[in-house]
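Numbering follows UniProt numbering, in which position 241 of the sequence shown is assigned residue number 241; successive positions increment by one, without gaps. Positions of the beta carbon are idealized from the N, C-alpha and C atoms, including for glycine. Below is one structure, written out as structure tokens, with a few remarks after it.
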Amino acid sequence: MPKIKREKVYGRREIEAALEDVKRGIPIRTASRSHNVPRSTLYSKLTNKTSLEAKPGPATYLTQEQEHQVIDWVFYLRDRGFAITKNQLLDSVRDMIVALGRKTPFKDNRPGRHWFEAFLRRHPDAAEKVIQNLSSRMVEKKSLRHWFLEVKQMLESLQLLELGKDRVYNLKVEDFLMKGQKKKKVDPDDGKERVKVSGESTEIFREYISSTFYPWLVSKKIKLPVVLYIDGSANLSMSVVNYCRKVQIELVGLCPDATHLLQPIEQALLKPMTKSWNDSPPVKKETFAPTLNTELLKIDKMAEELKMAFKTCGLCPFSIEVVNYGLEVNLEVKEEKIEEDDNIPEIDNDNNVKSSLNHSLTKNYSSEEYLRFLEFFERHLAGDLLKSFRENLQGSVFVGEERNKGLFEFWVNIKKKCFSF
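Here it is as structure tokens:
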């Protein structure tokens, strides 16, 4: 018959009672038996080797204060629209352990599954904020309007909602490939590869912020704090976040399902730049730097486009009402082929809208259908005309050819329908 192991069950109440007995002169052995508390435990408490608040079992590898720093980091990212992943948390804890010079049984000082599960049990409030992986299937879907409302509340609480244009920024990492290179695709289910790639991105981000962006803010005497909008799925380590908080750079994660709509630098700069790069002759290693420099020199000529992009993306001034929904990718749904039918108004060669058009807006369509219709409608407008419409959207009076006024008003009405849900 196997030996049955009987575990002693005791808590703080039993320990305190046993210690009181010992202080009254009762032997430690007797107090131990009376209250079912191990003698070694009583001895440790009496000699101050362990505090009364210490819990049974092995000690945690981070102190209570250090774990609270981790929790503070988790909630900081959550409040600013960033996804918190298991790998991201474990990597940051590893960095903290290495910085502290603490010895652990973990491989490469990176905690494993058991530590992670115990950490979440100790901090249940943080458990729901930690996403197990970066798969888009696991990320909670948010409407664009919901994102704007949350960010507005956050910026108002920090008194950063109405900042000047010199205090609002956007950052995006972009790949420029040489001849024969292919953009690396990361399998969302491949945890090891994902950690490697996200780690590289973190290092790039940290180096840029500390060595380039912040020194530039100081040299230009930009008033702090500033707001920096970046991809909501960015892997931001604890050290990166702590540095940004220290130098008063407020990070805000863009809506995960609408990053393509909210990146001014992508809309005004990276799209034309990458197109020009891809259309140019294949770049070799020896010509990479001068070729990229040629593209970067074009930025100075795009100042007005960048300013307009911040407006049309709703980031500066902060407003959802000017967001351009007519881009290539739809919100929260896969792009579907739109068939021309009786519900789609027609536009003749002179950009005149046929009589059935206004009737289309009186029907009860879902917000998704209106967004799809807006995409279709804008694809059939000349590029210069659409650009003119977006510029007129900022003013109260239409400026342009009179024959386009009705078309402009209809375009505005479609956008209003998109926002009314």
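Reduced DSSP secondary structure (H/G/I, E/B, other) of residue i
i, result
"Tyr61", "coil"
"Glu321", "coil"
"Leu251", "strand"
"Ala413", "As written in the sequence, residue 413 is Asn, which differs from the Ala given in the question. Asn413: helix per DSSP, three-state reduction."
"Asn170", "strand"
"Ile347", "Residue placement at Ile347 cannot be trusted, given a pLDDT of 46 that sits under 50; the coordinates are not used to answer."
"Val186", "Because Val186 sits at a pLDDT of 42, beneath the cut-off of 50, its placement in the model cannot be relied upon, and the following sentence gives the value as read from the coordinates. Reduced to three states, the DSSP call for Val186 is coil."
"Thr287", "helix"
"Tyr229", "strand"
"Leu315", "strand"
"Phe84", "With the sequence shown as reference, residue 84 is identified as Ile, and Phe is not the correct amino acid for it. In the structure shown, Ile84 sits in a strand (DSSP, three-state: E or B)."
"Ile28", "helix"
"Lys103", "coil"
"Lys220", "coil"
"Pro215", "helix"
"Thr47", "coil"
"Asn36", "coil"
"Asn293", "helix"
"Phe408", "helix"
"Leu381", "coil"
"Leu149", "helix"
"Leu393", "coil"
"Gln263", "coil"
"His123", "coil"
"Asn109", "helix"
"Phe398", "coil"
"Tyr208", "helix"
"Tyr10", "coil"
"Pro272", "helix"
8 angstroms Cβ cutoff met for residue i and residue j
i, j, result
"Glu250", "Leu160", "yes"
"Arg167", "Lys220", "no"
"Tyr243", "Ile299", "no"
"Asp95", "Ser239", "yes"
"Lys415", "Leu386", "no"
"Leu163", "Val227", "yes"
"Val322", "Leu77", "no"
Close-in-space but distant-in-sequence residues of the same chain around residue i (CB under 7 angstroms, 5 per side omitted)
i, result
"Ser420", "Low per-residue confidence applies at Ser420: pLDDT is 48, beneath 50, and the placement is therefore not dependable enough to give any value."
"Glu16", "none"
"Val399", "Asn392"
"Val37", "Tyr10, Glu14, Ile15 and Ala18"
"Glu295", "Met273, Ser276 and Trp277"
"Leu90", "Arg110, Pro111 and Phe116"
"Leu42", "Ala18, Leu19, Val22, Ile28, Ala31 and Ser32"
"Val151", "Gly81 and Val252"
"Gln66", "Met96"
Distance between residue j and residue i (C-alpha atoms, nearest Å)
i, j, result
"Ile71", "Leu407", "52 angstroms"
"Arg39", "Gln88", "42 angstroms"
"Leu120", "Phe389", "51 angstroms"
"Gly101", "Cys313", "45 angstroms"
"His35", "Trp73", "41 angstroms"
"Pro225", "Arg13", "49 angstroms"
"Met308", "Leu254", "18 angstroms"
"Ser319", "Glu156", "13 angstroms"
"Ala268", "Glu304", "9 angstroms"
"Leu270", "Tyr229", "16 angstroms"
"residue 430", "Phe75", "Shown here, the chain extends from 1 to 421; a query on residue 430 therefore has no answer."
"Lys405", "His380", "16 angstroms"
"Phe410", "Leu158", "38 angstroms"
"Phe205", "Lys86", "20 angstroms"
"Leu217", "Thr47", "54 angstroms"
"Glu207", "Gln69", "23 angstroms"
Neighbourhood of residue i by C-beta distance below 8 angstroms, restricted to the same chain and skipping five residues each side
i, result
"Tyr214", "Val247 and Ile249"
"Asp79", "Met154"
"Phe310", "Lys165, Val168, Asn170, Pro264 and Cys316"
Spatial neighbours of residue i in its chain, beta-carbon cut-off 6 angstroms, leaving aside the 5 residues before and after
i, result
"Glu401", "none"
"Val98", "Asn109"
"Gln64", "none"
"Asp125", "none"
"Thr259", "Asp231"
"His123", "Ile71"
"Trp147", "Cys255"
"Val93", "Pro111"
"Thr202", "Asn235 and Ser237"
Any non-hydrogen atom of the ligand COA closer than 7 angstroms to residue i Cβ
i, result
"Arg145", "You won't find the ligand COA in this model; it holds no ligand whatsoever."
Residue-level contact to chain B via CB, residue i, 8 angstroms cutoff
i, result
"Val218", "Absent from the structure is chain B; it holds one protein chain and no more."
Quiz item: At a cut of 8 angstroms, does the stretch 94-108 reach the stretch 141-157 through at least three beta carbon pairs?
Solution: no
Self-check item: Three CB pairs or more closer than 8 angstroms across the stretch 254-269 and the stretch 284-294
Solution: no
Quiz item: Counting pairs of beta carbons, one from the stretch 113-130 and one from the stretch 270-281, are three or more of them closer than 8 angstroms?
Solution: Contact fails: fewer than three Cβ-Cβ distances are below 8 angstroms.
Practice problem: Decide yes or no for the touch test of the stretch 229-242 against the stretch 162-176: beta carbon pairs closer than 8 angstroms, at least 3 of them. | Solution: yes
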